[in-house]
Amino acid sequence: MRNKRQGGGHKRALNVVLENKLYEWFREKRSKHAAVNDFMLKRRAKAIANSPTFHASNGWLWRLKDRWKIRSRIATKQKAAGLMANRKSLKTVAS
């Protein structure tokens, strides 16, 4: 039996297609600087799975985030202010 510290101790995904599609959606949202929280990930996973037997549990979500190195982050005021300035400048350019 392998020790988790030695590597190879991660539980593998049962539905690789679901996780790939979910990660693509996540990266798309993050590239647009949109906030993505755990509730949104679970809701999107259920929509992609479209199966009454799939349950996006907290444990499933935790393992998914561990496998894909997804981190929950809080936007800082400085970053939010920078994003708002960029949006305003884009609106004036587009006008």
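Reading the sequence shown from the start, the letters are residues 3 to 97 in this note's numbering. We treat Cβ as the ideally placed atom computed from N, Cα and C, and that holds for glycine. None of the values given here were measured: they were computed from a predicted structure.
- With respect to the C-alpha of V18, the residue from A36, A47, K31 and A37 having the closest C-alpha is A47.
- Residues of the same chain with a CB within less than 8 Å of the CB of V38, apart from the 5 flanking positions on each side, are F28, K31 and R32 in chain order.
- Under the three-state reduction of DSSP, L16 is assigned to coil, being neither helix nor strand.
- DSSP, reduced to helix, strand and coil, places S33 within a helical segment of the structure shown.
- In this structure L16 is not in contact with L43, their Cβ atoms being roughly 17 Å apart against a cut-off of 8 Å.
- The beta-carbon separation of L20 and A49, rounded to 10 Å, does not stay under the 8 Å limit for a contact.
- Around the beta carbon of A36, fewer than 16 other beta carbons lie within 10 angstroms, which makes this residue exposed.
- Secondary structure of A51 (DSSP, three-state): helix.
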